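Structure first, then comments.
Chains as they are written, first to last, in the numbering used here: chain A, 2 to 21; chain B, 9 to 312.
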């Protein structure tokens, strides 16, 4: 899970903005 | 009733596609053929025009008063990379400091491309989540499907933005010529040429945005990606989308022989393009000391 932290975030947070 | 369900799925994916992807094929083709009114894109065809247009790369809206005077007329025949004046490109530069600033400019441009790609990954992720059943898959499998599918999807999404002479970037506001991309230093110059070759052939299939939406979903739902934990539900989802795509192509392109089969064959070509692309990025990491790869792209490309 740590290896794909941002992908996990993108998948789980549909509305909150993710810092790209 | 089954056909009605397949049509509903096609409509749903088309709506999601329109919602999450800012530049559609319809809009891109209008820009490329010079049919979008007076809004011709800014053309980048050499180092000088890259320098002038750099500040607008990845802007969603180029300020009109700054954009217009620098816009090179695309002509009534649409945007092409020819007849754009003398070449002031990198090959013409001999001065060492000029060469150094050109190198830095290329690297900055590459970083802009990375930012847009990372944003593209976010868009593709939102689109994937809209595929019925996708978010009910094992979360680890969702990650795997995206990791392996997202570059393929981004390459397919690039095709409508390209013609044989160049590509639209910056949400369709800039046209960058193929010749200019080929003139960049190695390995930057090798990055886009395979995508142009693929895209020119892919564009002859003449898919529209509603066909594209289904095709992208089929790519994402590939049950043969390495490390998937639970393949069966993925294959079941893909099977349904494939049926929907087949029906869509029959209705939308009744005279195009074997279009469905031709499209599926493209998926094989795509995998090779992604392998070569990742190889080039790995090469870049070795040759460009100043290069840092975007963390999201690092995640995707690691052990791909």
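Each residue gets a CB set at the ideal place from its N, CA and C atoms; glycine is no exception.
Note that the structure is predicted; figures quoted are calculated from it, not measured.
As assigned by DSSP and simplified to three states, the class of residue i
i: residue 185(B); result: strand
i: residue 148(B); result: helix
i: residue 94(B); result: At residue 94(B), the pLDDT of 37 sits below 50, so the modelled position is not reliable; the number obtained from the coordinates is stated separately. Coil, per DSSP.
i: residue 25(B); result: helix
i: residue 12(B); result: helix
i: residue 212(B); result: coil
i: residue 236(B); result: coil
i: residue 51(B); result: strand
i: residue 66(B); result: coil
i: residue 309(B); result: helix
i: residue 260(B); result: helix
i: residue 220(B); result: helix
i: residue 32(B); result: coil
i: residue 164(B); result: helix
i: residue 143(B); result: helix
i: residue 200(B); result: coil
i: residue 176(B); result: strand
i: residue 275(B); result: helix
i: residue 170(B); result: strand
i: residue 10(A); result: helix
i: residue 241(B); result: helix
i: residue 266(B); result: coil
i: residue 298(B); result: coil
Any C-beta of chain A under 8 Å from that of residue i
i: residue 234(B); result: no
i: residue 151(B); result: yes
i: residue 82(B); result: In this prediction, residue 82(B) has a pLDDT of 40, which is less than 50 and means its spatial position is unreliable; nothing more can be read from the coordinates.
i: residue 68(B); result: no
i: residue 130(B); result: yes
i: residue 147(B); result: yes
i: residue 137(B); result: yes
i: residue 133(B); result: yes
i: residue 24(B); result: no
i: residue 20(B); result: no
i: residue 144(B); result: no
i: residue 293(B); result: no
Exposure of residue i, with buried meaning 16 or more beta-carbon neighbours within 10 Å
i: residue 151(B); result: buried
i: residue 7(A); result: buried
i: residue 53(B); result: buried
i: residue 303(B); result: exposed
i: residue 246(B); result: buried
i: residue 157(B); result: buried
i: residue 285(B); result: buried
i: residue 133(B); result: buried
i: residue 276(B); result: exposed
i: residue 5(A); result: buried
i: residue 116(B); result: exposed
i: residue 262(B); result: exposed
i: residue 68(B); result: exposed
i: residue 295(B); result: exposed
i: residue 3(A); result: exposed
i: residue 154(B); result: buried
i: residue 226(B); result: buried
i: residue 282(B); result: buried
i: residue 239(B); result: exposed
Closest residue to residue i among the options (Cα-Cα distance)
i: residue 212(B); options: 267(B), 251(B) and 186(B); result: 267(B)
i: residue 11(B); options: 248(B), 308(B), 262(B) and 298(B); result: 248(B)
i: residue 25(B); options: 167(B), 285(B) and 135(B); result: 135(B)
i: residue 141(B); options: 70(B), 244(B) and 59(B); result: 244(B)
i: residue 252(B); options: 42(B), 193(B) and 220(B); result: 220(B)
i: residue 205(B); options: 194(B), 179(B) and 163(B); result: 163(B)
i: residue 112(B); options: 209(B), 193(B) and 233(B); result: 193(B)
i: residue 31(B); options: 19(B), 41(B), 108(B) and 178(B); result: 178(B)
i: residue 161(B); options: 171(B), 118(B), 44(B) and 125(B); result: 125(B)
i: residue 176(B); options: 35(B), 242(B), 312(B) and 13(B); result: 35(B)
i: residue 14(B); options: 300(B), 258(B), 309(B) and 130(B); result: 258(B)
i: residue 280(B); options: 51(B), 39(B), 202(B) and 60(B); result: 202(B)
i: residue 199(B); options: 237(B), 114(B) and 143(B); result: 114(B)
i: residue 170(B); options: 256(B), 186(B) and 230(B); result: 186(B)
Short CB-CB distance (under 8 Å) between residue i and chain E
i: residue 303(B); result: Absent here is chain E; the protein component of the structure consists of chains A and B.
Chain A residues whose Cβ lies nearer than 9 Å to that of residue i
i: residue 155(B); result: 5 and 8
i: residue 56(B); result: In chain order: nothing, as chain A lies at least about 30 Å away.
Proximal residues of chain A, C-beta to C-beta of residue i below 8 Å
i: residue 160(B); result: Per Cβ cutoff of 8 Å: no residues; residue 160(B) is ~15 Å from chain A at best.
i: residue 307(B); result: 4, 5, 6, 7 and 8
i: residue 310(B); result: 4
CB contact check: residue i to chain B, cutoff 8 Å
i: residue 16(A); result: Because the pLDDT of residue 16(A) is 48, which lies under 50, any placement of that residue in the model is unreliable, and the number read from its coordinates should be weighed accordingly. So, not an interface residue.
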